[in-house]
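For the sequence shown, our numbering assigns the number 16 to the initial residue and increments by one for each residue that follows.
Note that beta-carbon positions come from the ideal geometry of N, C-alpha and C, so glycine has one too.
Here the structure is a predicted model, which means the values were calculated and not measured.
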Amino acid sequence: MPNQGKSGNIEQTLILIKPDGLKKSLTGNILSKLSETKLIIIASKVVCVSPDLAEKHYTHLKDKPFFQELVEYIQGNHHDCKRVMALVYQGDNAIEKVRKISGATNPEEADPTSIRGAYGRITTKGVYENVIHASSSPSEAEREIKLWFTPEEIVSDLYPSKMVAREKVEVLEWA
Ligand code: IDP
Ligand code: MG
16 MPNQGKSGNI EQTLILIKPD GLKKSLTGNI LSKLSETKLI IIASKVVCVS
66 PDLAEKHYTH LKDKPFFQEL VEYIQGNHHD CKRVMALVYQ GDNAIEKVRK
116 ISGATNPEEA DPTSIRGAYG RITTKGVYEN VIHASSSPSE AEREIKLWFT
166 PEEIVSDLYP SKMVAREKVE VLEWA
């Protein structure tokens, strides 16, 4: 049997390709780099980020001086690109593997072969435009995945879910 390495710590992690990554046509490069981890993709979509979603995603940073700039950045207001690509990757030690290949938060300090080291920059206003978000712990991953995806958008049953009957729900259909 081939050596499959030490396994048994299957994790999920939320990845966002931020608006600068999409604007700079880096989506393919970033996904190629992530494929080196051999993790599997269990959800993906393109999202127009609302102010509410941006603030909830970065709630742990709301007291930082760069918070307002950060929520503008993730909404795409700095890039004339109101899109983020959201993905869930799964596999052994997924969180650490993706953090490593993403690189340090500050793109100037990130390993040059990492995604942030290769493609990130610091703006003149001091925002770290580092092209990718990756969950930093299992509890953050769960919080973030539940924030960005519904149970139906993920191809495996990750967390407990429930059926809710709703009356008079309006949905948009093709005309
Ligand atoms: P992480 O993305 O590496 O997990 P966090 O501390 O969670 O780092 O910060 C979220 C995002 O906020 C970063 O990816 C970066 O875009 C931005 N950021 C973090 N620290 C700074 C800072 O000191 N100056 C400017 N922007 C920052
Ligand atoms: Mg973080």
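Cβ-based neighbour list, residue i, same chain, cut-off 7 Å, excluding 5 preceding and 5 following
i, result
"F81", "G141 and V142"
Per DSSP, cross-strand counterpart(s) of residue i
i, result
"V61", "M100"
"Q27", "Q105"
Cβ pair residue i, residue j closer than 8 Å
i, j, result
"T42", "K112", "no"
"Q90", "P122", "no"
"H148", "K33", "yes"
"I160", "L49", "no"
"H94", "D172", "no"
"S129", "I116", "yes"
Close beta carbons around residue i, own chain, < 6 Å, minus the five adjacent residues each side
i, result
"N44", "none"
"G132", "G118, A125 and D126"
"L31", "V99, A101 and H148"
"V64", "I89, Q90 and V99"
Contact belief for residue i with residue j at Cβ below 8 Å, rounded distance in angstroms
i, j, result
"L85", "Y73", "6 Å"
Nonlocal neighbours in the same chain, by C-beta distance under 8 Å from residue i, ignoring five residues either side
i, result
"I137", "N121, P122, E123, Y143 and E144"
Unbroken stretches of the alpha helix (DSSP H), 4 residues or longer, contained in the region 93 to 158 = 109 to 117 and 130 to 134
Every unbroken beta strand (DSSP E) within the region 31 to 89, with a cutoff of 3 residues, ordered by chain | 55 to 62
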